[in-house]
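Residue numbers (the numbering used here): 3 to 252.
Right, here's the structure in full:
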């Protein structure tokens, strides 16, 4: 059964914390995903076997946490992430960010660089509210967003997304690809070539934009956005282990 944490903003987050040695691995899920997802549970089981500290949680408006999804935005979920990491972990951490969680992990790296020992992302989607949603909206959709405050978008992976004007406007305050993004620790970006939600071009753009001494992008042919078959889970685990080993040697 999940435990709960009250954030400084008054939101209630559900979480599972596995105690063990550090650095603590922190799983950051995607948009409308939750901490019961395949990748989060797989890594938790791995962490338990390894005696490794591990945290998974639901952003507000997601899973078992309080609030409605349509009331949230990137900045709210960044506050949630910061609150969970601050209250529930100590010392160095290694975020593992999936999709929108990849964006959240980059915001976390900016917010507390002194706490980050390394980083793994899976199909990271930085700046997607601007470069994905807003950039692809028709004039009619932009008008609807202005007048009605929301538009509905189909998804290849779940029920339609309700995109609010607040999410778009707040997203512009959270962009990470428009200014310096220094990641001075081991970083592994993982990306499937059959991903219809996040393009290979987005992964390459992130790799080229960010700076750091040990950064790699690994493309997996025919892997989709879920990145959850045995091959992909094994690669995620291996990449995380590599980052942890390098962090231990630093």
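Heads up, the beta-carbon is just placed ideally off N, CA and C, and yes, glycines get one too. Quick caveat: nothing in here was measured; it's all calculated off a predicted structure.
Counted as a single uninterrupted DSSP element, the beta strand (DSSP E) harbouring residue 154 occupies residues 152–155.
Short of 7 angstroms from the beta carbon of residue 151, and not among the five residues preceding or following it, lie these beta carbons of its own chain, in chain order: 166, 167.
Put simply, the backbone Cα of residue 48 is about 26 angstroms away from that of residue 79. Judged by DSSP secondary structure, residue 41 falls outside any beta strand (DSSP E) and instead within the alpha helix (DSSP H) spanning 40–52. Between residue 132 and residue 171, the alpha-carbon positions lie close to 9 angstroms from each other. Assignment of beta strand (DSSP E) within the region 173–202, counting only whole runs of 3 or more residues, yields 189–194 in chain order. With contact defined as three or more Cβ pairs closer than 8 angstroms, the region 31–41 and the region 95–114 are in contact. Inclusion of residue 24 and residue 53 in the CB contact set at 7 angstroms is not warranted, their separation being larger than that value. Take residue 220, set aside five residues on each side of it, and the residues of its chain with a beta-carbon closer than 6 angstroms to its own are 192, in chain order. By the CB criterion at 7 angstroms, residue 51 and residue 37 fall outside the cutoff. Under DSSP, residue 17 takes part in a beta bridge, and its partners are 5, 59. For residue 108, the enclosing alpha helix (DSSP H) starts and ends at 102–113. Distance check between residue 211 and each of 187, 198, 180, 61 places 180 closest, using alpha-carbon atoms only.
Residue 28 places its beta carbon 7 angstroms or farther from that of residue 115. Judged by DSSP in its simplified three-state form, residue 33 adopts coil rather than helix or strand.
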